[in-house]
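One structure below.
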Amino acid sequence: MASITNLRGASPKKHTDYLLDANVWIFLLGGTEKSYQQSYIDFVGKIPRMNADGRSKIILPSCILSEVVNRMMKDVFMNEFARKFPTAIDPRFASKPNLLYKHSYRAHRQYDEDFGMLLADMNAYGQHIVTVSDNFAGTSLNDIMDNPPTQLDFTDYTISKLAKDNQLVIVTDDGDFKGGDNDILTVNRGLLGTT
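Following my numbering, the numbering of the sequence shown begins with 5 at its first residue and continues without gaps.
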């Protein structure tokens, strides 16, 4: 039976592995600054203490790693780059974020520095992270077409399926997971039914 539990004041449970949604990684890596996000940061900070003898881990599938890296590089670091190096921006791309990212930011040395810093920040959790396959190879396109995800975008569908198949608890602030059949830890009021 799936459950949605309030994360505030919660502690990791023994022998439980946690799949952090991309939004939680963004909170951990400093991509946003709202007070409610501290509950997620505090909870994840307790996982290393539970992991003293390998009991609880952070599961990181490639779809989440990809989403986190792309969002941090495009939404956080590129904006900082634009403020820090305005003369490095090709004026043809100033109002076109995708082209700015590809032609000005990625071509600049700051991109490599930011990318290295992002990976170093994620690696701070390294000994508690287990990278896993998304298990997409086990997903039939016919199954998806016969039973398409209607409440979730495709990445969330993949996360939900992976968590269910491996008995993982999803830590998320994404309200799209409401009504699913996963165990969820959140402070999202919509998920908790307190809106």
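Note that CB positions come from ideal geometry on N, CA and C, so glycine has one too.
- In terms of Cβ geometry, L33 and M76 form a close pair [threshold 8 angstroms].
- Using a 10 angstroms sphere on the CB of S164, the tally of other CB atoms reaches 16 or more, which defines it as buried.
- For the pair A86 and T176, the Cα-to-Cα distance works out to about 30 angstroms.
- Excluding residues up to 5 positions away in sequence, P16, Y22, S60, I62, H132 lie with their Cβ nearer than 7 angstroms to the Cβ of I51 in the same chain.
- Beyond the five residues adjoining it in sequence on each side, L172 comes within less than 6 angstroms, by CB distance, of D21, L23, I63 in the same chain, given in chain order.
- Ranked by how close their Cα comes to the Cα of D178, the residues T190, T135, G13 have T190 in first place.
- Distances from the alpha-carbon of D157 to those of D169, F181, D138 put F181 closest.
- Secondary structure of P16 (DSSP, three-state): coil.
- S43 counts as buried, since at least 16 other C-beta atoms from the protein chains shown sit within 10 angstroms of its C-beta.
- Across the structure, N186 and L166 are spaced so that their CA atoms are roughly 10 angstroms apart.
- Taking C-beta atoms as the reference points, E71 and T159 count as a pair closer than 8 angstroms.
- In the assembly as shown, A98 is an exposed residue. Its beta-carbon has fewer than 16 other beta-carbons within 10 Å.
- Assigned with DSSP and collapsed to three states, I93 falls in coil, not helix or strand.
- Unbroken alpha helix (DSSP H) runs of no fewer than 4 residues, entirely contained in the segment 96–132, are found at 113–127, following chain order.
- C-alpha of A124 to C-alpha of E117: approximately 11 angstroms in a straight line.
- Under the three-state reduction of DSSP output, V191 falls in the coil class, being neither helix nor strand.
- For the 8 angstroms CB-CB criterion, M121 and Y105 do not form a contact.
- Across the structure, A92 and H112 are spaced so that their CA atoms are roughly 8 angstroms apart.
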